[in-house]
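Asker:
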Amino acid sequence: MGISGHGQTLSLPTETTKDPAFLNLISTCEPASFGREGRDVFDEQYRKATKLDTTEFCSSFCPYETGIIDIVTQLLMPSVKREIAERPAYGPEVLSAQLAEDVRALFIATENYVGVDTMTLTKIITSRSNEDLLTIMRAYEQRYQRELGRVLQQKLQRDDMFMLDILAQVLIEDRAKQHEMERKIKSTTGMGIRAELYKLNVYSGPSGRFRAHVDTPRSETQIGSLVACLPSEFEGGVLSVSHQGNTVQFDWSASSPGGQQPSIQWAAFYSDCSHEVQEVTAGHRITLTYNLYASRGSGLLAGTKHSLDAIHLPIYRPLMNLLGSSSFMPSGGRTAIGLAHAYPYTHSTLHRSMPEALKGADMMLYEALLASGLGIEFIRIMDFSDELDGFEEYSDGKDMDDSEKDPFEKNVFYRSGFESMQVVDSMIERSDMNQGLPGWTRLGHVTWIRRPRDLQLEMTFLAYGNEATMTTKYSSAAIIVNVPSLQHRLQVLDG
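Using UniProt numbering, you'd call the opening residue of the sequence shown number 1 and step up by one each time.
1. Quick one: grab the DSSP three-state call for V227.
2. Once you ignore the five residues that flank E83 on each side, which residues in its own chain have a CB closer than 6 Å to its CB?
3. So, under 8 Å CB-CB, H275 and V241 are touching, yes? Tell me the CB distance rounded to an integer number of Å.
4. Which whole-angstrom value is the C-beta distance of A340 and Q244, which I expect to be below 8 Å?
5. Output the boundary residues of the beta strand (DSSP E) element that contains residue 502.
6. Using three-state DSSP, classify Q8 as helix, strand or coil.
7. Let me make sure I understand the geometry here. Which of K473, P344, T126, S263 has the alpha-carbon closest to that of Q222?
8. For I108, is the classification buried or exposed, using 16 other Cβ atoms within 10 angstroms of its Cβ as the cut-off for buried?
9. With DSSP as the reference, identify every bridge partner of L412, one or two as the case may be.
10. So, under 8 Å CB-CB, T281 and P206 are touching, yes? Tell me the CB distance rounded to an integer number of Å.
11. What's the C-alpha gap between T346 and G283?
12. What is the rounded straight-line gap between the Cα of G67 and the Cα of S59?
13. Between L288 and V72, how many whole angstroms is the CB-CB distance? I'm expecting something under 8 Å.
14. Terminal residues of the continuous beta strand (DSSP E) containing L239?
15. What is the rounded straight-line gap between the Cα of E101 and the Cα of M77?
16. Under 8 Å between the Cβ atoms of L292 and A168?
17. In terms of residues, what are the limits of the beta strand (DSSP E) holding V41?
18. Excluding sequence positions up to five away, which residues of its chain have a Cβ less than 8 Å from the Cβ of L319?
19. Between the C-alpha atoms of A361 and L75, what's the straight-line distance to the nearest angstrom?
20. Could you spell out the range, first to last residue, of the beta strand (DSSP E) harbouring L52?
21. Using a threshold of 8 Å, state whether the C-beta atoms of A478 and I337 are closer than that.
22. Just curious, the beta strand (DSSP E) that F328 is in, first and last residue?
23. Which word fits K473, buried or exposed, when buried means at least 16 other C-beta atoms lie within 10 angstroms of its C-beta?
24. Classify A89 as buried or exposed, calling it buried when 16 or more other Cβ atoms lie within 10 Å of its own Cβ.
25. Under 8 Å: do the segment 328-336 and the segment 446-456 share three or more Cβ pairs, one atom per stretch?
26. Could you tell me which whole beta strand (DSSP E) segments of length 3 or greater appear in the segment 198-223?
Right, here's the structure in full:
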């Protein structure tokens, strides 16, 4: 159907490849280009195919009505039901050195044989933030098996009872936050998928092909593509989808097991997956391509999206077995996992959709970690190895041999959460970077399960040493997991 509005109806499959309407479709299509460095390029050695834009045809096929989008949403953006009460309580997160010292100082101050050290108590309780005080109280109870508030109630004099009021207010605020969190989290995650028809493509034998490539996202919210193969006779044309060394092939040809009976076959994949259409050796391979976008709400027009309980995820049981293993971090510590997929986590507005917009494996991992009760934190990391090369050694590693130092640990800084890319309106001396940038902390030692791969523009700033240069830095996203000691993990698992 062209600009004139006149067209022809084609019903697939046709009884013969000589069907006039079928041949009209093939002849009407125009050569298909591909994107390279921001330009549309025609190169039949790389891509040999034809296409119709959505203004030139319409289709009665609807991926919503057939239930395909329901399935794609479950697989690419799974909805997981979270219940706060079902999570085991692994206790406070790994303490910073300062907070650990505060816990110890409070114990000494209350157990002093000479009398209660009210000066130390007052200094700590009145100078720490409510968040830090809550962490201190939990750590005190875990370490010494008694509540700090009850201890102070028994030992403080009337004039010092104001400290109990401060601790009580901290607990009240925490309880209110927990109630609000339960109200929000007991609902399922609110991200869905919107499918938008993009193109009709025809790959014809004997040499139709599209070499391996990664699609250019049409929008910051695009997460992937859906390819629906319409019933027609062809040979070859296998779709190969690859990501991080894993490849899945979709063979929709007439000689394939699924091609014996005419049907619509499909595949969906994330936008950071490489994919290739292998050579079509005979016939015509006709596909509809849909762009998939993350959207608020279920994103479904047909059917209801069913939620999964996180404890039923395939990764949950192996995770719990790992936590119960005596060989896994018996003393506890921090482990880090780089996200498997790419996300716009430094975009000016889209960073707010994280972590709800996590994809497949990343979402499964995140939900399983939440359900396990482990303390987790999303972080962005930047590697300053190039900028810090030649400057003074990392202070925490000054007694280590060079062979024992991991450059990745030594020169990597991190910052919690996701936020938009920054342009720092100031000059930064390179030697000062050894102490970190404002708001960024040296990552230090963590056990990496998977190093991050994707890079996003994080910040630009003017750095100066011998001369000033504009510096651009990229960050990667990861999940930090605070792992308690084996003894504490076993207590929770046994309980």
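Ideal placement from N, C-alpha and C gives every residue a C-beta, glycine not left out. Note that the structure is a prediction, hence the values are computed from the model and not measured.
Answerer: Judging by the given coordinates:
1. DSSP places V227 within a strand segment (E or B) once states are collapsed to three.
2. Note that E83 scores a pLDDT of 46, beneath 50, so its modelled location is shaky; the value from the coordinates is reported in the next line. Excluding five sequence positions before and after E83, none of the CB atoms of its chain fall closer than 6 Å to its own CB.
3. Indeed, because the Cβ distance is near 5 Å, the residues count as touching under 8 Å.
4. Distance from A340 to Q244 at the Cβ level is roughly 7 Å; contact confirmed, criterion being Cβ atoms closer than 8 Å.
5. No information on residue 502 is available, as it lies outside the stretch 1 to 495 that the chain covers here.
6. In the structure shown, Q8 falls within a coil segment according to DSSP collapsed to helix, strand and coil.
7. When K473, P344, T126, S263 are compared, the shortest CA-CA separation from Q222 is found for P344.
8. I108 counts as exposed, since fewer than 16 other C-beta atoms from the protein chains shown sit within 10 angstroms of its C-beta.
9. It should be noted that the sequence gives Val, not Leu, for residue 412. According to DSSP, V412 shares a beta bridge with D383.
10. The beta carbons of T281 and P206 sit about 6 Å from each other, so the pair counts as a contact at 8 Å.
11. Rounded to whole angstroms, T346 to G283 spans 45 Å at the Cα level.
12. One C-alpha to the other measures close to 16 Å.
13. With a contact defined as Cβ atoms closer than 8 Å, L288 and V72 miss out at about 14 Å.
14. 239-243 is the span of the beta strand (DSSP E), which, as asked, contains L239.
15. E101 and M77: Cα-Cα distance of roughly 43 Å.
16. With a cutoff of 8 Å on beta-carbon distance, L292 and A168 are scored as not near each other.
17. Taken as a continuous stretch (DSSP letters only), the beta strand (DSSP E) holding V41 covers 39-41.
18. Short of 8 Å from the beta carbon of L319, and not among the five residues preceding or following it, lie these beta carbons of its own chain, in chain order: A368, L369, S372.
19. Cα to Cα, the separation comes out at about 9 Å.
20. Where L52 is concerned, the enclosing beta strand (DSSP E) stretches over 50-53.
21. A contact, by the Cβ cut-off of 8 Å.
22. F328 -> no beta strand (DSSP E), and no H or E assigned at all.
23. Buried.
24. In this predicted model, A89 has a pLDDT of only 44, less than 50, meaning its place in the structure is not dependable; the value taken from the coordinates is given anyway. By the neighbour-count criterion, in which 16 or more other beta carbons inside 10 Å mark a residue as buried, A89 falls on the exposed side.
25. The segment 328-336 is in contact with the segment 446-456.
26. If we require 3 residues or more, the beta strand (DSSP E) runs fully inside the segment 198-223 come out as 208-213.
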